[in-house]
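Below is one structure, written out as C-alpha cells; comments come after it.
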Amino acid sequence: MGARSGNNYLSAMRKLKAEVWIGGARVEDVTIHPALVHCARSIASLYDMQGEHPEAMTFRTADGDRAGMSFIQPKSLEEVRKRTAMFRRWAEYSHGMLGRTPDYLNTSLAAMAAAHEFFAASDTRFGANIANYYGEARKHDWCATHTLLNPHASRAAGWAGHSDADLALRLVDRTGEGMVVNGCRMLATLGPLSEELLVFPSTLLKEEAADEPYALAFAINCNAKGLKFICRDAFDAGRSHFDAPLASRFDEMDCVVIFDNVAVPWERVFLCGDVARCNRLYGETNAVVNMMHQVAVRDVVKSEFMLGLAAKIAEVSDATGLPHVRERLAEMIMTTEVMRACLRAGEADAAPDRWGELVPARAPLDTARNLFPRLYPRLVEIIQLNSSSSLMTAPSEADFASALLPEIERYLAAAGAPARERVALYRLAWDVAGSAFGGRQTLYERFFFGDPVRMASTLVDNTDLRPLMRRVDDFLKRID
Ligand SMILES: Cc1cc2nc3c(=O)[nH]c(=O)nc-3n(C[C@H](O)[C@H](O)[C@H](O)COP(=O)(O)OP(=O)(O)OC[C@H]3O[C@@H](n4cnc5c(N)ncnc54)[C@H](O)[C@@H]3O)c2cc1C
Numbered sequence: 000m001g002a003r004s005g006n007n008y009l010s011a012m013r014k015l016k017a018e019v020w021i022g023g024a025r026v027e028d029v030t031i032h033p034a035l036v037h038c039a040r041s042i043a044s045l046y047d048m049q050g051e052h053p054e055a056m057t058f059r060t061a062d063g064d065r066a067g068m069s070f071i072q073p074k075s076l077e078e079v080r081k082r083t084a085m086f087r088r089w090a091e092y093s094h095g096m097l098g099r100t101p102d103y104l105n106t107s108l109a110a111m112a113a114a115h116e117f118f119a120a121s122d123t124r125f126g127a128n129i130a131n132y133y134g135e136a137r138k139h140d141w142c143a144t145h146t147l148l149n150p151h152a153s154r155a156a157g158w159a160g161h162s163d164a165d166l167a168l169r170l171v172d173r174t175g176e177g178m179v180v181n182g183c184r185m186l187a188t189l190g191p192l193s194e195e196l197l198v199f200p201s202t203l204l205k206e207e208a209a210d211e212p213y214a215l216a217f218a219i220n221c222n223a224k225g226l227k228f229i230c231r232d233a234f235d236a237g238r239s240h241f242d243a244p245l246a247s248r249f250d251e252m253d254c255v256v257i258f259d260n261v262a263v264p265w266e267r268v269f270l271c272g273d274v275a276r277c278n279r280l281y282g283e284t285n286a287v288v289n290m291m292h293q294v295a296v297r298d299v300v301k302s303e304f305m306l307g308l309a310a311k312i313a314e315v316s317d318a319t320g321l322p323h324v325r326e327r328l329a330e331m332i333m334t335t336e337v338m339r340a341c342l343r344a345g346e347a348d349a350a351p352d353r354w355g356e357l358v359p360a361r362a363p364l365d366t367a368r369n370l371f372p373r374l375y376p377r378l379v380e381i382i383q384l385n386s387s388s389s390l391m392t393a394p395s396e397a398d399f400a401s402a403l404l405p406e407i408e409r410y411l412a413a414a415g416a417p418a419r420e421r422v423a424l425y426r427l428a429w430d431v432a433g434s435a436f437g438g439r440q441t442l443y444e445r446f447f448f449g450d451p452v453r454m455a456s457t458l459v460d461n462t463d464l465r466p467l468m469r470r471v472d473d474f475l476k477r478i479d
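Position one of the sequence shown corresponds to residue 0 (numbering that gives the first Met the number 0), numbered consecutively onward.
Structure representation (C-alpha cells):
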C-alpha cells in the first residue's frame, strides 16, 4: 500500500478495537469518542498531506511504492534535508503541539532496520525480524507509539530481586510461537490512537542474569489479547476551536499500558534477554539520533510559534515599544535561533554510520534535546508575563453569542484589535501557558525524551573532553 490517507488511518483505528479505558469506561470506537475524536482527525489530516504533496512527503521505495518520508534511510545530505522538510510540514500543522506524530518512531525504526546486524549478533532471527518489521510498518504506514518506563514502585532496587519486581514488564514464558510477557509500562503517548506498540528497553539494566527477563525489544498490535491502555483525563473537553484552540485539536492522549500475559510472536521479537545489547540499542543503531532529528525540527517550529504569539500579544496590547517586552522578545528570538542553529549544524555535519545510513551529527542535536526542556518553560513564562490579566478577561464563544455582545465589544477591545480578535488571541495564549493542555505541554517538553539529569549525563559521556583538558594542562605547563 505505502503512504496512507487519513481515511485509511481512521478506518484502521475503527476496526482495531484495542482495549482502551477512559474515566472508568471502555472506549468502543476511538475515532468518535469525545476525548479522542479531534486528535484522531488531526492525525488523519497529517496522513492526508502525503497524498496532497507526494513529492515532499513521500519517497519511492525499491518495490515501486511511495512511502512516508520519515521511513527513509538517507544515503545523502539531500535525503536528510528532504526528511527535515517533511518533519517540518507535519510539525507546522500543530505548531509543534503534537509531540508524538508518527514520524518520531518511523525514523527510529528506519535506523534500527539499517542496523539489523546489531540485532542479528544476538540471534540471527532478530536481525531478519527488525528488517521485516520495518518493511511492514512502512508498507502499511502504521501509526505506532512506544513505552519505555517501568512502574515506579518496582525500580528502587533495580527490577530484579526487588519485592515488586513482578510489576515491571518482563518475560514470563517462551513457547514455540513466541514469548509471553507480563507487567506494566508507565506511559505511552498517543496509545489509544496507535495501531502498533513498540516496546523497547527501559532505562539501563544491570548486566547480570537476574535482569535478563526485563531486557526486551519487540512490537505488538495494540489490540493484542491482554493489552490494556488506561488513559489520563481528557484535556479536550468538547470546547470549540475559539474557546480552546489547541486542546480542541491536539490533545494527544497519554496512557499507562498493562500487559496481562500477552503473547508476542517470535517474528516480532528484536531482542530477548540480551541485557548488554538492550543497554546499547538506541545509541549503537543511531535510532536516538534520528529521533533527535525529528525532535529538533519540532523544537524549531514550536519556538517560532511561541515567538509569533508573543509578538502578536505585544502588538495587540500596544507594548512592542516597552523595553522589558522587547528584552523578552529578544530572549525568544535567541531561543529560536539557537534551536535553528543546532538543527542546521546537525544536518550540515551529517556523516555515514557503520550501517550505511547518513546520520545527522549527534552533538548539536543532543544539545537541542538537552536545551529545549530548559528553554521551553521560559517561553511559556514570557507568554504569561506579557499577557498578565488578559488571560483572565477572555469570555467564551457563548458569551459573544449572547446579549452581552455590545458590552464585550465595547470594553474588551484592545488598542490594536477589536474584542473578538483580542479575546481569541488571549484564549490561544491561555491554551499555551495556563490551561491543562498547556501545563501538559510544558511537562511533555521537560520529560518526554527522558529524565533531564540522565540526558545531561549522557551528553557528558558522549563528549570527548580530553583534548580540552589537555589544552588546560598544556597552558599550566607553559613557561613563557
Ligand atoms: C507528557 C509526557 C509524555 C510521555 N510520553 C512517553 C511515551 O510516549 N513513552 C515513554 O516511554 N515515555 C513517555 N514519557 C515518560 C518519560 O520518558 C519520563 O517522564 C522520563 O523518562 C522521566 O522519568 P520519570 O517520569 O519516571 O521521572 P522520575 O525518574 O520519577 O524523575 C522525577 C524527578 O526526579 C529526579 N530523579 C530521578 N531519579 C533521580 C536520581 N537517582 N537522582 C537525582 N534525581 C533523580 C529526575 O531528574 C526528575 O526531576 C512521557 C512523559 C511525559 C511527562
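Positions of the beta carbon are idealized from the N, C-alpha and C atoms, including for glycine. Nothing here was measured: the structure is a model prediction, and the numbers come from that model.
* **Buried or exposed (CB count within 10 angstroms, at least 16 for buried), A156** => Walking along the sequence shown from the start, residue 156 turns up at place 157. Low confidence applies here, because A156 scores a pLDDT of 45, under 50, leaving its location unreliable; read the following figure in that light. Exposed is the call here.
* Measure the CB-CB distance between Y281 and F399 and report whether it falls below 9 Å. => For this step, residue 281 is matched to residue 282 along the sequence shown. For this step, residue 399 is matched to residue 400 along the sequence shown. Taking 9 Å as the Cβ cut-off, Y281 and F399 do not qualify as a contacting pair.
* Based on the DSSP output, what are the partners of E195 in its beta bridges? -> Translated into the one-based positions of the sequence shown, residue 195 becomes position 196. DSSP output for E195 lists A143, N220 as bridge partner(s).
* Asked: What is the DSSP secondary structure of A156, reduced to helix, strand or coil?
  -> Here residue 156 is taken as the residue at index 157 of the sequence shown, counted from 1. Because the pLDDT of A156 is 45, which lies under 50, any placement of that residue in the model is unreliable, and the number read from its coordinates should be weighed accordingly. Reduced to three states, the DSSP call for A156 is coil.
* Asked: Hey, V29 and P150: beta-carbon distance below 9 Å or not?
  -> As a first step, residue 29 is located in the sequence shown; it is residue number 30 there, counting from the start. As a first step, residue 150 is located in the sequence shown; it is residue number 151 there, counting from the start. In this structure, P150 does not lie closer than 9 Å to V29 by Cβ.
* State yes or no: is the C-beta of R343 nearer than 8 Å to some heavy atom of ligand 1? => Position 344 of the sequence shown, counting from 1, holds the residue named residue 343. Incorrect: R343 has no Cβ contact closer than 8 Å to ligand 1.
* Asked: Is it a yes or a no for the segment 448-465 touching the segment 90-110, going by three-plus beta-carbon pairs under 8 Å?
  -> no
* To the nearest angstrom, report how far apart A435 and R173 are at their CA atoms. => Working through the sequence shown from its first residue, we reach residue 435 at position 436. Working through the sequence shown from its first residue, we reach residue 173 at position 174. Each residue's Cα considered, the two are about 43 Å apart.
* Shortest alpha-carbon distance to P394 belongs to which of D348, W429, S302, F217? -> As a first step, residue 394 must be located in the sequence shown, where it is residue number 395. It is W429 whose Cα lies nearest to the Cα of P394.
* Please report the Cβ distance between C221 and E194, rounded to the nearest whole angstrom; I am assuming they are in contact, meaning their Cβ atoms lie under 8 Å. => One-based indexing of the sequence shown puts residue 221 at position 222. One-based indexing of the sequence shown puts residue 194 at position 195. Contact holds; Cβ gap of about 6 Å.
* Span of the beta strand (DSSP E) holding G209? -> Residue numbering aside, residue 209 sits at position 210 when the sequence shown is read from its first letter. Checking the displayed sequence, the identity of residue 209 turns out to be Ala instead of Gly. Per DSSP, A209 belongs to no beta strand (DSSP E) and is neither H nor E.
* May I ask which residues mark the beginning and end of the alpha helix (DSSP H) holding T457? => In the sequence shown, residue 457 corresponds to position 458, counting from 1. Its alpha helix (DSSP H) spans residues 451-460.
* Hey, could you find the ends of the alpha helix (DSSP H) K16 is sitting in? => Working through the sequence shown from its first residue, we reach residue 16 at position 17. K16 -> no alpha helix (DSSP H), and no H or E assigned at all.
* **Terminal residues of the alpha helix (DSSP H) in which F117 lies** => In the sequence shown, counting from the first residue as 1, residue 117 sits at position 118. 115-119 is the span of the alpha helix (DSSP H), which, as asked, contains F117.
* Asked: Assuming F371 and E314 make a contact with CB atoms under 8 Å, what is their CB distance in whole Å?
  -> Reading the sequence shown from its first residue, position 372 is the one you call residue 371. Reading the sequence shown from its first residue, position 315 is the one you call residue 314. With 8 Å as the limit, F371 and E314 do not qualify as a contact, their Cβ atoms being about 26 Å apart.
* Asked: If you scan the segment 248-299 from start to end, which runs of the alpha helix (DSSP H) of 4 or more residues do you find wholly inside it?
  -> 274-284
* What residues in its chain sit with their C-beta under 7 Å from that of V471, if we drop five residues either side in the sequence? -> Against the sequence shown, residue 471 aligns to sequence position 472. Excluding residues within five positions, none has a Cβ falling inside 7 Å.
* Proximity to A367 [Cα-Cα], best of L148, A340, A243, Y132 -> Residue 367 sits at position 368 when you count from the first residue of the sequence shown. For the residues L148, A340, A243, Y132, the minimum Cα distance to A367 belongs to A340.
* Asked: How should N385 be labelled, buried or exposed, when 16 other C-beta atoms within 10 angstroms of its C-beta is the threshold for buried?
  -> Within the sequence shown, the letter at position 386 stands for residue 385. Per the 10 Å Cβ criterion, buried.
* **Sub-9 Å separation of F249 and S387 beta-carbons** => On the sequence shown, position 250 is the one that residue 249 refers to. On the sequence shown, position 388 is the one that residue 387 refers to. No, the pair does not count as a contact, with Cβ atoms beyond the cut-off.
* **Option in Y213, L196, R80 with minimal Cα separation from T202** => Counted from its first residue, the sequence shown places residue 202 at position 203. T202 has its Cα closest to that of Y213, out of Y213, L196, R80.
* Asked: Of all the options L424, C142, A113, which has the alpha carbon lying nearest to the alpha carbon of N131?
  -> Along the sequence shown, read from residue 1 onward, the residue named residue 131 stands at position 132. Nearest C-alpha to N131: A113.
* Do V171 and N260 have their C-beta atoms closer together than 9 Å? -> As a working note, residue 171 is residue 172 in the sequence shown. As a working note, residue 260 is residue 261 in the sequence shown. The answer is yes: Cβ separation under 9 Å.
* Quick one: Cα of D460 to Cα of A362, how far? -> Your numbering for residue 460 matches position 461 in the sequence shown. Your numbering for residue 362 matches position 363 in the sequence shown. Approximately 11 Å, taken between the alpha carbons.
* When burial is assigned at 16 or more other CB atoms within 10 Å of the CB, is R169 buried or exposed? -> Position 170 of the sequence shown, counting from 1, holds the residue named residue 169. It is buried - the Cβ of R169 has at least 16 other Cβ atoms within 10 Å.
* Range of the contiguous beta strand (DSSP E) that encloses N369 -> In the sequence shown, counting from the first residue as 1, residue 369 sits at position 370. That residue, N369, is in no beta strand (DSSP E); its alpha helix (DSSP H) goes 361-386.
* Unbroken stretches of the beta strand (DSSP E), 3 residues or longer, contained in the segment 25-112 -> 57-59, 65-67
* Asked: In chain order, what residues of the same chain lie with their CB nearer than 8 Å to the CB of V179, ignoring the 5 residues before and after it?
  -> Stepping through the sequence shown from its first residue, residue 179 is reached at position 180. Answer for V179: L170, V171, D172, R173, N260, V261, A262, V263, listed in chain order.
* Asked: Who are the Cβ neighbours of T457 in its own chain at under 6 Å, not counting the five residues just before and after it?
  -> The residue labelled residue 457 in the question sits at position 458 within the sequence shown. The answer is none, since no qualifying residue turns up.
* Assigned exposure category for R297 - 16 Cβ within 10 Å defines buried -> Along the sequence shown, one-based indexing puts residue 297 at 298. With at least 16 other beta carbons inside 10 angstroms of its own, R297 counts as buried.
* To do: Report yes if the C-beta distance between V268 and F125 is below 9 Å; otherwise report no.
  => Position 269 of the sequence shown, counting from 1, holds the residue named residue 268. Position 126 of the sequence shown, counting from 1, holds the residue named residue 125. Yes, Cβ-Cβ distance for V268 and F125 is below 9 Å.
* Residue range of the unbroken beta strand (DSSP E) whose run includes L186 -> In the sequence shown, residue 186 corresponds to position 187, counting from 1. Counted as a single uninterrupted DSSP element, the beta strand (DSSP E) harbouring L186 occupies residues 177-188.
* First and last residue of the uninterrupted alpha helix (DSSP H) at K476 -> Residue 476 sits at position 477 when you count from the first residue of the sequence shown. In the DSSP assignment, K476 falls within the alpha helix (DSSP H) that extends over 465-476.
* Asked: Does DSSP classify D172 as helix, strand or coil?
  -> As a first step, residue 172 is located in the sequence shown; it is residue number 173 there, counting from the start. Strand at D172.
* Excluding the five sequence neighbours on either side, which residues of its own chain have a C-beta within less than 7 Å of the C-beta of S418, listed in chain order? -> Position 419 of the sequence shown, counted from the first residue, corresponds to residue 418. According to the sequence as given, residue 418 is Ala; it is not Ser. Result list for A418: I407, E408, L411, A412, in chain order.
* Contact check, L357 vs A349, beta carbons under 9 Å -> Along the sequence shown, one-based indexing puts residue 357 at 358. Along the sequence shown, one-based indexing puts residue 349 at 350. Going by C-beta atoms, L357 is nearer than 9 Å to A349.
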